[in-house]
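Asks: Please read through the structure below; I'll follow up with questions.
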Amino acid sequence: MTGIANIRDLLTRNIRTSGIYIAFVLIIVLFSVLTNGLLLSSRNLTSLVLQFSYILILAIGMVIIIIGGHIDLSVGSVVALTGAIAAVVVVRNGMPWWVGVLAALGTGLLVGAWQGFWVAYVGIPAFIVTLAGMLLFRGLTLQVLNNVSLSPFPSEYTSIATGFFNGLLGGYGYDTFTLVIFAIGVLGFAYNAWRTRRARIAYNQTVEAPALFVLKIVVIAAVVMWFAWNLATYRGLPAVLIILAVLVMAYTLVTKHSVFGRHVYAIGGNLAAAQLSGVRVKRVNFWMFVNMGFLASVAGIVFSARSSAAQPGAGNMFELDAIAACFIGGAAVTGGIGTVTGAMVGGLIMAVMSNGMSLMGVDQSTQQIVKGVVLLLAVAFDVWNKKRAAATR
Amino acid sequence: MADSAPTDILEMRGITKTFPGVKALQDVNLTVRRGEIHAICGENGAGKSTLMKVLSGVYPFGSYEGDIVLDGETAQFGTINDSEARGVVIIHQELALVPYLSIAENIFLGNERRRTGGAIDWNKTNAEASALLARVGLSESPTTPISALGVGKQQLVEIAKAISKDVRLLILDEPTAALNDNDSEHLLGLLRQFKEQGITSIMISHKLAEIAEIADRTTIIRDGRSIETFDMATAGESSEAVQNRIIRGMVGRDLDNRYPDRESHPGEEVLRVEDWTVYHPTQPGRVVVENASLNVRAGEVVGIAGLMGAGRTELAMSLFGRSYGRDISGKAYLHGKEIDVHSVPAAIRSGIAYVSEDRKQYGLNLIEDIRRNISAAGLGKLAKNGFVDENEELKVAEEYRASMNIRTPNVLTEVGKLSGGNQQKVVLSKWLYTAPEVLILDEPTRGIDVGAKYEIYTIINELVAAGKAVLVISSELPELLGICDRIYTLAFGRITGEVDVPSATQEGLMALMTQETQETKA
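Heads up: the protein sequence lines correspond to chains A and B, in order.
Using UniProt numbering, the letters of the first sequence correspond one by one to residues 1 to 393.
Using UniProt numbering, the letters of the second sequence correspond one by one to residues 1 to 522.
Set out below in structure tokens:
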């Protein structure tokens, strides 16, 4: 039967997913006020994107691992190792920048295959395999770098993380190209949302009321275009934002619409049922980790490009930020639940909090305490929510 | 025995226990005399285990209606500790021992022998354990880890643990189900010994010969009600006669019109299984299914009848892509051609579908919606280049919702929120979408209400009318007699009979289902 859901229904039904967006908005408002608007300045928004891009890239892979019911503690070390390999190729041996990129990506895939083998085919819990990996790959990084930083990378390499597209289509004090790209994105999003809605109606499924649907699209479009305007009036479109956007879109597609993505959710939701439904559990687990290795190497390239150096201590504790982003973004500790978008919002919540507190001059120790409490509350909310759902069953 | 003590150690009066949607026990009465061995018999799901859980405080006072009178006093057990304090100890069907701890540690787990100050007194622990082991006839050192013992000896350790708690009423749930004949014999001897020492025992068992041999009285539970209690001495002349008396009690229910009519027109043979043998996955050398051979024809519903532990589910799951067991041997043929069932995807490709016994654990992803549960096993049919055609998926789900009559506002509802009957329809839809030749249905109507059962039977009838072959495993004999054309009986891993339904009776089936191997009969 066709049904039109009202706002309250939507909110209560999707409290797990909508809660996170509400929290995100509140946190942005809170820190804008606390920093006298500094948080939302063009300059700060740009640096926020650059500064947290690699955590967001890691969170994409991590959320898939977590949906599958695993965890990966090694990504920080893999970021360091892949950056180090790129530096050895490019800085020490003077090879072209793209050879370094390929070497780093290859390393990431190998690392992923190694961990995937132990988790999927030997059956060792991912916690142990990746804890070992954390030590192993950190040690390898130190050996590859002989315990010292390698720098500087050539400018072609560093522009991966620090480059901007600006002035391609001209503009007076603002970059038209940036605005055009964002406008295309917004239109694509609106078209896609409309198509989904139409298909749902065609198949007699519940949809939001038309006014609510339009309002939702308009609000999202306004926020995105406002963000684009801020980028355009500062330095233009950061290259890394394009990488991130492509990854988010590609992985949203994979998690939501591909057979592989479905199998990941099935394994995390009920391993025994997935197995008995003909899901090749070992194979899926293996590729989950290969994919995580790949994304960790992308993050490693972006991070080393941003600091123009490969450091032995690079990526330390990144795994925890990435994991926290997933859980704040609504992924379930027991697996089977989570989205790429949610993990991105979770990562951005962490980013806005760190950045906002830094702008306010709050010291590192307090920042850590606040982030710890937020993570705890986010998971507590998840647990509470699950109990509530079980009670109504 | 003191004169003041009443002759009845236990009286359970009017026990009613309700689970959401199901009345598991209804006005059950049970009286156990001091010092007797009291057997409780009934089909799977009749409510025997539930009754024992009420008695031992697993289901606390207040969660059931009725009275438990122990030694003439009303007992209100809030936890299992309360009942143990009164000398009521239950030994569950699944052994509850920690494999990595020693025998002595397991015996005193939660009840540790301590020195003053709190540290564990190991000398006392091991010495007392040795004494207890001697009482149950075990000569193992108390420091031996449990994992080094076979199932039979583990069962004896459980009993040693029970008597360490000054047990007066010992409850054994299927104590010999996993034991071989020697171990069973030893255990029964032990129960007789306890009887002489004044310990009362309640024993649940499917091995009727054992009951005929050892019990003083038997209570029959059927469909959650206590039917009768009789003295074994007056129940029959021979062991056979006593067993027949029990069987009559267990199955004596009327067959009314709970099954939709169907005309049977079996066609060509679809599935044939030959010499199928399966070993237990973790206990090397234990045969779970032995040389089973069976066949199913197109348009035919074939039943597999067997009691708990007979190897029904194990047979089905091992056939379905080796999902159970190890060292599986035997051959499977579909339309006369040997098929590959070495993995679940291979079995599905070959045209086999298996609807599992426990749909919540093995059948459904409860946190996912109906649509994605229905497509889970046939996702390949919906995929192009690795991506799922979601519009088609939605359409498929809608079609099954309509044709299976899944009662839900829409197919985006979480499966965990549906009733048991509707959940079962989702599982059936999932497997029908894979377009199988053979459907194996394991307890297809367990835990669902009468109306939904009728709908499931109707679906089964439609399937066979469309020429599918259906294999049904069920604990409910009336159900098998109501929907099947032919029934195989399984006992202790072996197929003990093949019966055409028109000539079958519940008594006849039950006799085949409890038929033990030739050696023990002697």
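Here a beta-carbon is modelled for each residue, glycine too, at the ideal position from N, C-alpha and C.
Note that the coordinates shown come from a computational prediction; the quantities given were computed from them, not determined experimentally.
Is the CB of residue 277/A under 8 angstroms away from at least one CB in chain B?
Replies: With 8 angstroms as the cut-off, residue 277/A counts as an interface residue toward chain B.
Asks: How many angstroms separate the CA atom of residue 513/B from the CA atom of residue 210/B?
Replies: Their Cα atoms are separated by approximately 14 angstroms.
Asks: Is the beta carbon of residue 165/A closer than 8 angstroms to that of residue 176/A?
Replies: No, the Cβ-Cβ distance between residue 176/A and residue 165/A is not below 8 angstroms.
Asks: Check whether the region 491-502 of chain B touches the region 465-474 of chain B, counting contact only when three or more Cβ pairs, one atom from each stretch, lie closer than 8 angstroms.
Replies: Too few Cβ pairs lie closer than 8 angstroms, so no.
Asks: Rounded to whole angstroms, what's the CA-CA distance from residue 39/A to residue 25/A? Just pull it up for me.
Replies: When rounded, the distance between both Cα atoms is 13 angstroms.
Asks: Which residues in the same chain as residue 254/B place their Cβ atom closer than 7 angstroms to its Cβ, once the five residues preceding and following it in sequence are excluded?
Replies: Legend: pLDDT at residue 254/B = 47, less than 50; position of this residue unreliable, no value from coordinates given.
Asks: Along the chain, which unbroken stretches of the alpha helix (DSSP H) at least 4 residues long are found entirely within the region 418-494 of chain B?
Replies: Fully enclosed alpha helix (DSSP H) runs of 4 or longer: 420-432, 450-465 and 477-483.
Asks: Pull up the distance between the alpha-carbon of residue 96/B and that of residue 189/B, whole angstroms please.
Replies: Those two C-alpha atoms are separated by around 22 angstroms.
Asks: Strictly under 8 angstroms for the Cβ-Cβ distance: is residue 266/A near chain B by that measure?
Replies: Yes - at least one Cβ of chain B is within 8 angstroms of the one on residue 266/A.
Asks: Could you list which residues in chain A have their beta carbon closer than 8 angstroms to that of residue 154/B, in chain order?
Replies: Within chain A, no residue comes near residue 154/B; the closest Cβ sits about 26 angstroms away, beyond 8 angstroms.
Asks: Using the three-state DSSP reduction, which class does residue 514/B fall into: helix, strand or coil?
Replies: Correct three-state label for residue 514/B: coil.
Asks: Establish whether the CB of residue 337/A and some CB of chain B are separated by less than 8 angstroms.
Replies: Yes - at least one Cβ of chain B is within 8 angstroms of the one on residue 337/A.
Asks: Output yes or no for whether 8 angstroms exceeds the beta carbon distance between residue 103/B and residue 66/B.
Replies: Contact flag unset, no.
Asks: Can you name, in chain order, every residue of its own chain whose Cβ lies under 7 angstroms from the Cβ of residue 350/B, other than the five neighbours on each side?
Replies: Closer than 7 angstroms at the Cβ level, and outside the excluded window around residue 350/B, lie 334, 339, 340 and 341.
Asks: Taking CB distances under 8 angstroms as the criterion, tell me whether residue 363/B reaches chain A.
Replies: Yes, because at least one Cβ of chain A sits closer than 8 angstroms to the Cβ of residue 363/B.
Asks: Along chain A, in chain order, which residues have C-beta atoms closer than 7 angstroms to that of residue 344/B?
Replies: By Cβ distance, chain A contributes 275, 276 and 278.
Asks: Of all Cβ atoms in chain A, is any one closer than 8 angstroms to the Cβ of residue 350/B?
Replies: Taking Cβ atoms only, chain A never reaches closer than 8 angstroms to residue 350/B, which makes this a no.
Asks: Please classify residue 457/A: is it buried, with 16 or more other beta-carbons within 10 angstroms of its beta-carbon, or exposed?
Replies: The structure shown does not extend to residue 457/A, since chain A is modelled only from 1 through 393, so no value can be given for it.
Asks: To which residues of the same chain is residue 495/B closer than 6 angstroms at the C-beta, ignoring the five residues directly before and after it?
Replies: If we look at residue 495/B and ignore the five residues flanking it on each side, its Cβ neighbours are 292 and 488.
Asks: From the DSSP output, in three-state form, read off residue 26/B for me.
Replies: Three-state DSSP puts residue 26/B in a strand.
Asks: Going by DSSP in three states, residue 66/B sits in which element: helix, strand or coil?
Replies: Here residue 66/B sits in strand by DSSP.
Asks: With DSSP collapsed to three states, give me the class of residue 385/A.
Replies: In this structure, residue 385/A counts as helix in the three-state DSSP scheme.
Asks: If distances are taken between C-alpha atoms only, which option among 215/A, 220/A and 104/A comes closest to residue 188/A?
Replies: Out of 215/A, 220/A and 104/A, 220/A has the C-alpha closest to the C-alpha of residue 188/A.
Asks: Measure the CB-CB distance between residue 297/A and residue 87/A and report whether it falls below 8 angstroms.
Replies: Taking 8 angstroms as the Cβ cut-off, residue 297/A and residue 87/A do not qualify as a contacting pair.
Asks: Strictly below 7 angstroms CB to CB, what residues from chain B border residue 257/A?
Replies: The contacting residues are 387, 388 and 390.
Asks: To the nearest angstrom, report how far apart residue 208/B and residue 276/A are at their CA atoms.
Replies: One C-alpha to the other measures close to 35 angstroms.
Asks: For the beta strand (DSSP E) that contains residue 332/B, what are its first and last residues?
Replies: Looking at the DSSP string, the run of the beta strand (DSSP E) that includes residue 332/B is 326-334.
Asks: Does DSSP put residue 255/B in a helix, in a strand, or in coil?
Replies: Low per-residue confidence applies at residue 255/B: pLDDT is 41, beneath 50, and the placement is therefore not dependable enough to give any value.
Asks: What are the residues of the region 157-185 of chain A that lie near chain B, defined by any Cβ-Cβ distance shorter than 8 angstroms?
Replies: Within the region 157-185 of chain A, no residue qualifies.
Asks: Between 232/A, 248/A and 73/A, which has its C-alpha nearest residue 125/A's C-alpha?
Replies: It is 73/A.
Asks: Chain A partners of residue 376/B, CB-CB under 7 angstroms?
Replies: Chain A residues near residue 376/B: 266 and 277.
Asks: For a quick check, are the C-beta atoms of residue 102/A and residue 322/A less than 8 angstroms apart?
Replies: No, the Cβ-Cβ distance between residue 102/A and residue 322/A is not below 8 angstroms.
Asks: Which of helix, strand or coil does DSSP assign to residue 284/A?
Replies: Three-state result, residue 284/A: helix.
Asks: For residue 166/B, count the other beta carbons within 10 Å of its own beta carbon; 16 or more makes it buried, fewer makes it exposed. Which is it?
Replies: By the neighbour-count rule (16 or more Cβ atoms within 10 Å), residue 166/B is not buried but exposed.
Asks: Residues in its own chain within less than 7 angstroms of residue 525/B by CB, not counting five upstream and five downstream?
Replies: With chain B running from 1 to 522 in the structure shown, residue 525/B is simply not present.
Asks: Tell me where the beta strand (DSSP E) around residue 201/B begins and ends.
Replies: First-last of the beta strand (DSSP E) with residue 201/B: 200-204.
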